[in-house]
Amino acid sequence: MRVFGVAKGFLSYDEMQMIHEGVCRVLSEVGMKIESEEFLKVLKKYGYNVNLAKKVVYFPESYIEELTGHHRVDDDLPELRFNAGGYPHLYLDPETDEVKPHTFDSSLRMAHVA
Numbered sequence: 056m057r058v059f060g061v062a063k064g065f066l067s068y069d070e071m072q073m074i075h076e077g078v079c080r081v082l083s084e085v086g087m088k089i090e091s092e093e094f095l096k097v098l099k100k101y102g103y104n105v106n107l108a109k110k111v112v113y114f115p116e117s118y119i120e121e122l123t124g125h126h127r128v129d130d131d132l133p134e135l136r137f138n139a140g141g142y143p144h145l146y147l148d149p150e151t152d153e154v155k156p157h158t159f160d161s162s163l164r165m166a167h168v169a
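All residue numbers for the sequence shown refer to my numbering, where the first residue is 56 and numbers rise by one.
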């Protein structure tokens, strides 16, 4: 297995699929501990399997698939993104007034302006 993150050329599709399936299994079978009883009650109200005594919610795989928009084999792999130092991962582009993810180029432009 190659390391450095989930981006083009670093993890194979099979490696990403193996991680995805493992995460789905953990979230559906082991669940996620949530300390807020109020939040657990909201999740229960919306139909999630919640164990209030253990403070655990179980997410069905179908929900995870919907939330992540899981990629098929022929889909493009995600781009490599980074967060340099104290920079946020999103920024307001002064030229377009749009909120965009930081890229290497946007960081260079911001450093050049400063």
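C-beta atoms are modelled at their ideal positions from N, C-alpha and C, and glycine is treated no differently.
Because the structure is a prediction, the values reported are computed rather than measured.
Would valine 112 be called buried (16 or more neighbouring beta carbons within 10 Å of its own) or exposed?
buried
Identify the residues that DSSP records as bridge partners of lysine 88: which are they?
Lysine 88 has Val111 as its beta-bridge partners, per DSSP.
Own chain residues within Cβ distance below 7 Å of aspartate 148, not counting five before or after:
Lys155
Over what stretch of residues does the alpha helix (DSSP H) that includes tyrosine 181 continue unbroken?
The displayed coordinates of the chain run from 56 to 169. Any statement about residue 181 would go beyond what the structure contains.
Looking only at C-alpha atoms, which of Ala166, Leu82, Asp160, Leu163 sits nearest to serine 117?
Leu82
Which word fits lysine 66, buried or exposed, when buried means at least 16 other C-beta atoms lie within 10 angstroms of its C-beta?
For the record, residue 66 in the displayed sequence is leucine; it is not lysine. Flag for leucine 66 reads buried.
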